[in-house]
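S.K.: Chains as they are written, first to last, in the UniProt record's numbering: chain A, 1 to 377; chain B, 1 to 377; chain C, 1 to 377; chain D, 1 to 377. Even glycine gets a Cβ: it sits at the ideal position worked out from N, Cα and C.
Number of protein chains: 4
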Amino acid sequence: MRDLVEIGMGRTARRAYELDDIEIIPSRRTRSSKDVSTTWQIDAYRFDIPLITHPTDAIVSPGTAVAVGELGGLGVLNAEGLWARHGDVDEALFRLVQATEDNDDPGAAVKVLQELHAAPLRMDLIAEAIKQIRESGVTVAARVSPQRAAELTPDLLAAGVEILVVQGTIISAEHVSRDGEPLNLKSFIADLDVPVIAGGVGDYRTAMHLMRTGAAGVIVGYGYTPGVTTTDSVLGIGVPMATAIADAAAARRDYLDETGGRYVHVIADGGVTTSGDVAKSIACGADAVMLGEPLAAATEAPGQGLYWTAASAHPSVPRSLVAEAVDQELDLRKLLFGPSSDPRGVTNLFGALKRAMAKTGYSDLKEFQKVGLTIRG
Amino acid sequence: MRDLVEIGMGRTARRAYELDDIEIIPSRRTRSSKDVSTTWQIDAYRFDIPLITHPTDAIVSPGTAVAVGELGGLGVLNAEGLWARHGDVDEALFRLVQATEDNDDPGAAVKVLQELHAAPLRMDLIAEAIKQIRESGVTVAARVSPQRAAELTPDLLAAGVEILVVQGTIISAEHVSRDGEPLNLKSFIADLDVPVIAGGVGDYRTAMHLMRTGAAGVIVGYGYTPGVTTTDSVLGIGVPMATAIADAAAARRDYLDETGGRYVHVIADGGVTTSGDVAKSIACGADAVMLGEPLAAATEAPGQGLYWTAASAHPSVPRSLVAEAVDQELDLRKLLFGPSSDPRGVTNLFGALKRAMAKTGYSDLKEFQKVGLTIRG
Amino acid sequence: MRDLVEIGMGRTARRAYELDDIEIIPSRRTRSSKDVSTTWQIDAYRFDIPLITHPTDAIVSPGTAVAVGELGGLGVLNAEGLWARHGDVDEALFRLVQATEDNDDPGAAVKVLQELHAAPLRMDLIAEAIKQIRESGVTVAARVSPQRAAELTPDLLAAGVEILVVQGTIISAEHVSRDGEPLNLKSFIADLDVPVIAGGVGDYRTAMHLMRTGAAGVIVGYGYTPGVTTTDSVLGIGVPMATAIADAAAARRDYLDETGGRYVHVIADGGVTTSGDVAKSIACGADAVMLGEPLAAATEAPGQGLYWTAASAHPSVPRSLVAEAVDQELDLRKLLFGPSSDPRGVTNLFGALKRAMAKTGYSDLKEFQKVGLTIRG
Amino acid sequence: MRDLVEIGMGRTARRAYELDDIEIIPSRRTRSSKDVSTTWQIDAYRFDIPLITHPTDAIVSPGTAVAVGELGGLGVLNAEGLWARHGDVDEALFRLVQATEDNDDPGAAVKVLQELHAAPLRMDLIAEAIKQIRESGVTVAARVSPQRAAELTPDLLAAGVEILVVQGTIISAEHVSRDGEPLNLKSFIADLDVPVIAGGVGDYRTAMHLMRTGAAGVIVGYGYTPGVTTTDSVLGIGVPMATAIADAAAARRDYLDETGGRYVHVIADGGVTTSGDVAKSIACGADAVMLGEPLAAATEAPGQGLYWTAASAHPSVPRSLVAEAVDQELDLRKLLFGPSSDPRGVTNLFGALKRAMAKTGYSDLKEFQKVGLTIRG
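What follows is the structure, encoded as structure tokens:
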């Protein structure tokens with residue numbers, strides 16, 4: 001049974017945990033880093049590292065999508081973001097940077113983002129951006145919202161998208177609507193020839209439902225970033241990542257059994273600030289991690305040192321600050337693979353993952369999901 | 001059984017939770033915001049949003065009571081506050097603002113409030129203030145203390161009060177006194193033609209007793225405001241809101257059963273700083289929330305950016321600071337309904353509530369009381 | 001059973017709680033403050049308020065001992081402190097104040113205290129100080145250490161001491177020593193005609209042993225003062241006060257039963273910063289509280305705004321900083337009985353206690369020990 | 001059974017505790033400090049105090065190793081550190097100090113350390129350093145990494161090392177490697193004539209395996225130093241010290257039983273900032289403590305006020321900042337034995353340990369491992 005607490009008479013809440021609450025504990029053999037593999041494969045696509053980018057314009061331009069792909073991860077372009085709405089994205093980002101100089105009012109930059117996102121989607125711009133990624137030869141992935149998935153997907157596929165990411169802050173396989181026709185994910189996915197990664201979800205049941213739609217991967221979380229996202233303050237809603245990942249991993253296991261062998265990948269999106277958090281995400285059961293803010297430190301990141309998530313641009317209920325990230329002093333390669341002279345866990349993100357696996361004696365990601373954990377008493 | 005802890009040999013304490021300890025977790029379908037209703041009805045009075053104002057002069061003037069009413073909530077004027085004692089309230093508030101400029105001494109502003117409250121009550125002033133609200137056509141509500149309820153109520157009703165709020169920091173249906181005659185709430189309410197909302201209470205038993213007096217609504221809490229109220233430091237007394245709301249909701253359920261159908265509303269008064277807290281209050285079982293400090297940010301709020309609760313003016317044991325609130329930059333409408341460019345959860349308070357309900361798949365407040373909750377491990 | 005936790009294999013620790021962890025919860029009737037009594041009696045001595053001063057020179061001069069007595073509490077002069085060693089205490093305190101001006105080195109003031117305490121005890125000075133208290137007509141109390149109790153007590157009694165306080169940081173009824181003769185508290189107390197208050201202790205067993213020595217009162221704690229005492233950092237030792245008070249109250253109950261009616265008072269010494277903490281101490285089971293730092297704010301306090309405990313002067317292992325207290329702006333009467341314009345719980349200490357008892361419906365201290373408690377989840 | 005928590009469906013974590021979570025609680029007799037002994041013996045070597053230095057160049061030069069030995073502890077020189085690589089260590093340290101003046105970039109100093117450690121090991125320098133220690137007459141100890149133990153040990157023994165410390169951040173008796181030959185600790189130790197202390201480990205099983213290799217002592221932890229080490233951020237790995245020490249003590253007990261009398265010492269390396277932490281380490285079951293940062297305050301410490309652990313110099317995944325320590329104002333003798341005028345628990349480290357033992361009634365270290373503990377509720 002779950003760990004239920006009676007918060008008041010007849011009302012229970014479940015105890016849930018963030019990645020910060022847990023630590024990995026070495027408890028067996030050790031191993032050499034060079035004997036450790038971090039490769040990850042979803043559908044026919046194989047990656048050197050279990051990295052998907054969080055689809056925010058702060059970190060993913062067509063150029064960085066290519067760079068991430070060439071370094072062994074999967075860059076996901078937001079097909080409803082600035083590159084899909086503005087011919088001159090540099091100018092749009094310049095306006096955003098300007099707005100952040102008024103530090104006292106956190107709303108100023110959000111207002112600019114809202115305005116930038118009010119511009120109409122232009123399929124020609126999206127197609128051009130995707131073409132740029134495709135021509136590099138890396139795997140091409142783009143993100144659409146559930147609301148516009150049906151509308152945009154045909155053109156995206158025509159432009160060359162190989163993996164489709166259908167992502168909203170919180171989505172479900174059972175969206176209820178009195179008027180209008182919500183996305184029927186199951187038939188939508190059945191009609192596609194490309195694998196779909198869908199989310200975010202926060203619990204076992206919704207994860208299971210999404211798996212049953214035929215998704216190749218399920219995203220857990222909404223990109224929770226301490227000091228940036230404000231979903232809890234705005235909506236009272238939270239997705240404690242350690243618990244949510246473990247729950248989705250349980251759904252993966254049960255769905256595998258239910259289907260006699262269909263393995264749906266669990267992709268953790270939130271709570272990752274350091275390389276230690278990457279390791280903890282896998283340790284809780286994730287197959288791969290979606291990284292956002294840690295990549296904003298790359299010199300290549302379009303955000304120019306700023307970080308925000310897509311929820312920042314919501315027209316009436318924004319749920320992310322436009323925050324100043326760390327200085328952009330390292331190129332993406334160094335950020336991901338080091339070597340590092342910075343002991344804070346913000347560089348050599350996947351070199352450190354390898355080392356964590358080595359020090360606990362695991363040789364691949366799937367095994368590492370079983371590593372011992374402690375939580376602070 | 002409750003979650004009891006033995007703090008020492010033979011001495012137990014009950015584990016109790018604040019709204020900050022919990023989070024809402026999406027775990028079913030999602031829904032469109034436009035299919036969500038936040039309407040609330042108590043007795044014959046129907047409101048678009050489950051909002052009652054905390055009866056402090058910092059936020060409620062006759063004018064803001066009208067404004068709140070016109071926006072779909074219920075403004076409650078303090079019938080024992082500045083508008084009941086001073087002909088020139090602007091001058092009184094000016095003295096208070098002056099006193100806060102000496103930031104080093106938190107007692108200076110409190111002393112001014114104490115002096116302002118030492119002026120005698122004038123029924124002519126109260127009647128005039130209530131008349132002003134009544135003439136606007138919104139529902140008229142006023143707050144009296146248990147001590148002066150019997151004395152003031154006849155004139156208040158004559159002036160046009162439609163909902164009477166009998167409120168002290170902590171009240172009970174069984175006030176014991178060796179001399180003098182305390183308020184007998186049961187017979188007091190039985191003699192009235194208007195619905196009575198009474199409180200605050202902190203536990204199941206007192207809530208149940210108040211329900212049995214015939215009150216239409218029971219207030220849970222004393223307006224706890226982090227950084228403002230100091231009841232714990234002064235008296236050692238606390239009312240953890242998540243637990244207290246859930247307990248009162250249990251009393252509501254049991255009383256409904258006991259009476260074969262009388263539904264007494266639970267109104268949460270405390271711990272609400274953001275729209276997320278509004279959602280959490282309903283999620284714990286509240287029918288409506290009393291808002292204080294969040295409304296001090298409205299340009300219309302008489303406190304001019306200051307916030308305090310009524311307990312600040314107590315002549316010998318004050319229990320609230322006069323605190324500087326956020327800048328008053330938004331009108332009340334925007335504060336309540338947005339749209340917002342501020343991602344901190346302090347504007348679009350009820351638009352965000354709607355969205356929280358939508359993202360968890362609920363269509364009305366009563367259903368939303370069953371949403372899933374987590375507490376931080 | 002106690003709430004035991006296995007911190008590691010085969011090693012348990014008991015969960016224990018500070019006053020800060022708990023809160024009082026109103027859960028019955030309410031009552032008028034004027035129907036509440038805070039009187040307390042130990043042996044033949046009756047007090048209006050359950051207040052004993054912590055025997056530090058920072059707050060107790062002969063003059064303040066008289067003032068506390070006249071206000072209804074019990075002042076305890078340290079018979080081994082500055083008034084027992086220096087003819088010109090003002091000059092000694094001046095040296096201490098000077099030393100604190102070098103804020104960067106916390107050792108400077110401690111060094112001065114160590115030097116001041118290296119001066120020999122002079123019985124003529126002690127006798128003179130006690131005479132001054134005696135002549136005012138208030139109850140006369142003095143503190144001695146276990147080490148010097150046998151040596152100093154005869155002269156103290158001759159000088160007029162009516163209640164003897166035998167106090168060390170942590171004492172026991174079973175001090176073990178290979179050479180020298182430790183104090184045999186049982187025979188020591190049996191030979192005296194005055195009541196003895198002894199401590200501090202931190203657990204049930206030691207409290208019980210001290211009760212069996214014939215002490216009239218047992219002190220729980222060592223005067224723990226956040227930001228001042230450093231016993232945990234220096235020795236690793238802590239006495240969580242909520243738990244320790246409840247344990248000693250259990251010993252009181254069991255000893256009462258064992259003796260067929262001998263009631264030994266439990267005096268809480270530590271963790272009290274505000275009036276709320278006074279209420280919580282009684283609520284946990286204390287009969288009276290020893291106050292230190294809160295009284296340093298009195299204009300009469302000899303420490304001139306500084307506060308330290310006796311452990312600060314230890315010659316080789318000091319365990320208390322000499323800390324700057326709040327401004328000394330109120331006289332002792334106002335500090336104890338108000339009225340207050342300061343909502344932080346630092347003035348009107350016993351008026352607030354009365355109010356806490358009233359709001360929870362209790363009329364005397366003994367009953368109030370049963371009030372409902374919560375702990376933060 | 002261990003205290004297991006289900007962090008998500010089907011995934012458990014063990015509750016674990018740091019030294020900061022616990023406190024010692026006096027619960028029996030008291031005793032005089034002069035009747036307390038802190039002597040400790042491992043193999044044929046006897047020490048007045050249970051002190052081993054953490055093998056970081058920040059605190060251990062040949063000179064301080066001698067000083068520690070003369071004061072009754074065991075200094076351990078890092079045989080792979082600066083004294084083994086640089087003829088002019090002063091110049092190397094000067095470069096490091098210079099680099100820390102650029103406070104904004106924590107990587108600058110780390111980079112210098114990485115460069116300094118890239119210089120080749122020179123056996124002539126190591127031999128010379130060890131000779132200097134040997135000539136003083138104190139016990140000679142040196143640290144090697146598992147990777148280079150086989151290579152360096154013969155020369156170290158030839159130079160006069162009497163106790164060998166084989167230490168990596170996390171080591172195991174079962175290092176797995178596809179190529180190359182890892183250290184077989186069991187045969188390595190069997191072939192040596194000197195006692196070996198090996199570690200660090202974080203759990204019962206690894207501790208037990210190391211004990212079975214024939215080690216005389218097992219190091220628990222990796223020198224965790226708050227604000228300095230960053231193993232959790234970088235690798236997600238943590239070793240909560242209270243739990244880890246207790247687990248290793250359980251392994252010691254079981255191994256003692258298994259072997260019919262072989263007692264392997266448990267040496268705690270991490271979490272010790274104050275004398276209180278020294279006491280807590282022993283209380284959790286340690287036989288001795290490895291001290292790092294607290295000794296950086298000694299005037300003799302080569303780090304000149306800086307502190308770092310060996311993991312800081314890792315060429316690609318550094319896990320320790322080069323942090324500024326407290327002012328170096330006291331000589332080592334005073335730091336260890338006082339007398340102290342500083343009440344913060346940073347001086348008189350072992351005088352305070354003695355006093356903690358006295359106040360809880362224990363006369364030697366082995367007994368003190370049974371003292372009562374509390375954890376904060």
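1) Note down, in chain order, all residues in the stretch 276–297 of chain C with a beta-carbon under 8 Å from any beta-carbon belonging to chain B.
2) Measuring CB to CB, does G270(C) end up less than 8 Å from G223(C)?
3) Considering Cα atoms alone, identify which of S341(B), K280(B) and E70(B) is closest to G137(B).
4) Should the stretch 149–168 of chain D be regarded as contacting the stretch 17–36 of chain D, the criterion being three or more beta carbon pairs within less than 8 Å?
5) Taking the C-alpha atoms as reference points, what is the distance between L336(C) and A65(C)?
6) When you check each C-beta in the stretch 236–259 of chain C against every C-beta of chain D, which residues fall closer than 9 Å?
7) Check I133(B) in the structure and name its three-state DSSP category.
8) How long is the line joining the alpha carbons of G221(B) and V165(B), rounded to whole angstroms?
9) Residues in the stretch 10–26 of chain B with C-beta within 9 Å of chain A's C-beta atoms, listed in sequence order?
10) May I have the straight-line CA-CA distance separating V322(D) from S275(A), to the nearest angstrom?
11) The stretch 29–61 of chain C: which residues have C-beta closer than 7 Å to a C-beta of chain B, in chain order?
12) Determine the burial state of residue 423(B): buried for a count of at least 16 other Cβ atoms within 10 Å of its Cβ, exposed for fewer.
13) Among all the DSSP beta bridges, which residues are the ones paired with M290(D)?
14) Taking a Cβ distance cut-off of 7 Å, strictly less, list which residues of the stretch 183–212 of chain C are near chain D, in chain order.
15) On the DSSP bridge assignment, give the partners of Q41(A) in chain order.
16) Between the Cα of V272(D) and those of E367(D), V234(D), H265(D) and C284(D), spot the shortest distance and give me the residue it belongs to.
17) Starting from the beta carbon of K359(D), find every residue of chain C whose beta carbon is closer than 8 Å, and list them in chain order.
18) Does DSSP classify I25(A) as helix, strand or coil?
19) What does S340(B) reach in chain A if we use C-beta pairs closer than 7 Å?
20) With a threshold of 8 Å on Cβ separation, who are the neighbours of A190(B) within its own chain once the five nearest residues in sequence on each side are excluded?
21) By the DSSP assignment, the beta strand (DSSP E) with R376(A) in it spans what residues?
22) Quick one: is residue 386(D) near chain A, going by C-beta distance under 8 Å?
23) Would you report the Cα separation of L51(B) and L113(A), rounded to the nearest angstrom?
24) Less than 8 Å between the C-beta atoms of I130(D) and D203(C), yes or no?
25) Note down the Cα distance separating G361(A) from N348(A), rounded to an integer number of angstroms.
26) Roughly how many angstroms separate the alpha carbons of F47(D) and G72(D), rounded to a whole number?
27) So, is the C-beta of E6(B) closer than 8 Å to a C-beta in chain C?
28) Just to confirm the assignment: which complete alpha helix (DSSP H) runs, minimum length 4, are found wholly within the stretch 208–276 of chain A?
29) Would you mind telling me which residues of chain D sit closer than 9 Å to I375(A), beta carbon to beta carbon, in chain order?
30) Just to make sure I have the definition right: I need the residues of chain C whose C-beta is within less than 7 Å of the C-beta of L321(B). Which are they?
31) Which same chain residues end up closer than 6 Å to R134(B) when comparing Cβ atoms and leaving out the 5 residues on each side of it in sequence?
32) Can you tell me whether DSSP reads V110(B) as helix, strand or coil?
33) Kindly say whether T299(B), judged by its beta-carbon, lies nearer than 8 Å to any beta-carbon of chain A.
34) D124(C): which of R143(C), G107(C), W83(C) and A142(C) sits nearest, CA to CA?
35) Round the Cβ separation of A13(C) and I22(C) to the nearest angstrom and send it over; I've been treating them as touching at under 8 Å.
M.R.: On the basis of the data shown:
1) G276, D277, V278, A279, K280, A283, C284 and G285
2) yes
3) E70(B)
4) no
5) 14 Å
6) G236, I237, G238, V239, P240, A242, T243 and A244
7) helix
8) 14 Å
9) R15, A16, Y17, L19, D21, I22, E23, I24, I25 and P26
10) 20 Å
11) R29, T30, R31, S32 and D35
12) In the structure as shown, chain B starts at 1 and stops at 377, and residue 423(B) therefore has no counterpart that could be examined.
13) I52(D)
14) G202, D203, R205 and T206
15) R46(A)
16) C284(D)
17) T169, I170, L235 and I237
18) coil
19) S316, V317 and P318
20) G214
21) L373 to R376
22) Chain D is shown from 1 up to 377; residue 386(D) falls before or after that span and cannot be answered.
23) 31 Å
24) no
25) 20 Å
26) 5 Å
27) yes
28) 231–235 and 241–259
29) V5, I7, A13, R14, R15 and A16
30) P343
31) V140 and G160
32) helix
33) no
34) W83(C)
35) Between I22(C) and A13(C) the Cβ distance is about 19 Å, and since that is not below 8 Å, they are no contact.
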